[in-house]
Amino acid sequence: MYSSFMDLASSGFILFAQHGWADDNRAMLALAQALATPQAHIVAPSLGYLQTWLRIMPLIEAAEQIARQTLAQHPDLPLRIVGHSMGGLIWLELLHRHPEWWSRVHSLVLVASPVGGSDLSRLIDPIGFGVGIAADLGKTRCAIAEPIAAQIPTLIIAGDIDGGSDGTVPVACTQFANAQFLCLPGLSHAVMRNHPAVASAIQEFWTDTNRGEPLVIIPVINRLRAIEWVTDGHPRDFAKAKTLIALKDGSTLRTWRNSLGILHIYVAAPDGQCLYSGFIGWFHEKELQQTLDVIRAEEGIASA
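Sequential numbering of the sequence shown, starting at 762, is according to my numbering.
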């Protein structure tokens, strides 16, 4: 586990680079080496390929132990953190646990991390039985990510190969308020672990943490995402949706049910552009309907 730690110099910064699900540290170590200066300390631990299929808590605890040891060894060095996919989620959990570390963090970069919850994981574990890592990756972490990003310069890098996802993670579920956002067309989920365009984007962000598009999530989207069983999804079927609620600002809430009976909810801008896509499981539509009823009441619309 510690073989990937390279003490390159006695000054500079610590670069934590964390791999994600169904992976080891090789690609992220290569990315870190492309990013690092000669004065950097690279920490790119392998948490175990097989272990990434089980549960996330042991992975968080293993990364926490390594981080504690590294920070104690180098108490005066700033931190730069890069996490791919689940690796980004692990670091969000660590920073949530350790707000005392925040003042040392120069920047946080999340590459293709499903912060809003992985739609594939939610489909594997639709009612929260706890099916391996799917139970952990299907959860939203926006509530812990947003305050972190409000204090630590944070960049979200997403890939898009099909008009809404990197082939594994929907673009929507990488996004949360207070962060800067960059979408790289043509890059798939696995490719983003170690790609020159990703390295360039990170280096530019390190130079100027205002690079990227500032993310502001409109209130109605935040309300939908706050429902426990709403999961961010792909907008591929947006054109099939019908308007359910027309809001006073001209935006609309639309719904569509697929052949499996799963209800999808969309938010469209006044010009008809899809701003948000999500879905809710078979057994949890009541929670969504309750939120929609509140929105109708606030908008002065009679309940359906």
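Built from N, CA and C at the ideal position, the CB exists for glycine as well. The model shown is predicted, which means the values in this text are computed figures rather than measured ones.
- One thing to note: V804 has its Cβ no nearer than 8 Å to the Cβ of A873.
- Per DSSP, T968 is one residue of the alpha helix (DSSP H) stretching across P957 to T968.
- For I1023, there is no enclosing alpha helix (DSSP H), as DSSP marks it with neither H nor E.
- Taking C-beta separations shorter than 6 Å and ignoring five residues to either side along the sequence, the partners of R883 in its chain run G899 and T992, following chain order.
- Assigned with DSSP and collapsed to three states, P975 falls in strand.
- Counted as a single uninterrupted DSSP element, the alpha helix (DSSP H) harbouring C903 occupies residues C903 to Q912.
- Segment contact: the region 848–856 against the region 1010–1021, fewer than three CB-CB distances shorter than 8 Å; contact not assigned.
- Residue pairing of T1004 in beta bridges, as defined by DSSP: R1015.
- Straight-line spacing of the CA atoms in V843 and A911 works out to 17 Å.
- The C-beta distance from L832 to A801 rounds to 15 Å, too long to fall under 8 Å, and the pair is not in contact.
- With contacts defined by Cβ atoms closer than 8 Å, L985 and Q936 do not form a contacting pair.
- The C-alpha of L1005 is placed about 27 Å away from the C-alpha of V876.
- The alpha-carbon of M818 is positioned some 23 Å away from that of I917.
- Collapsing the DSSP output to three states places F942 in a strand.
- Residues of the same chain with a CB within less than 6 Å of the CB of D927, apart from the 5 flanking positions on each side, are A873, G920, S949 and H950 in chain order.
- Between R954 and M789, the CB-CB gap stays under 8 Å.
- For V981, the enclosing alpha helix (DSSP H) has its first and last residue at P980 to R986.
- Under a 10 Å Cβ-count criterion, Q1034 is classified as exposed, with fewer than 16 other Cβ atoms of the shown protein chains found around its own Cβ.
- Unbroken beta strand (DSSP E) runs of no fewer than 3 residues, entirely contained in the region 841–881, are found at 866–872, following chain order.
- Residues R972 of the same chain have their beta carbon placed closer than 8 Å to that of E965, with the five preceding and five following residues left out of the count.
- A824 is a Cβ neighbour of Q779, given a cutoff of 8 Å.
- Annotation: K1009 to W1043 spans about 30 Å, alpha carbon to alpha carbon.
- Under the three-state reduction of DSSP output, L838 falls in the coil class, being neither helix nor strand.
- The three-state secondary structure of P931, taken from DSSP, is strand.
- R902 is classed as buried because its beta carbon has at least 16 other beta carbons within 10 Å across all chains shown.
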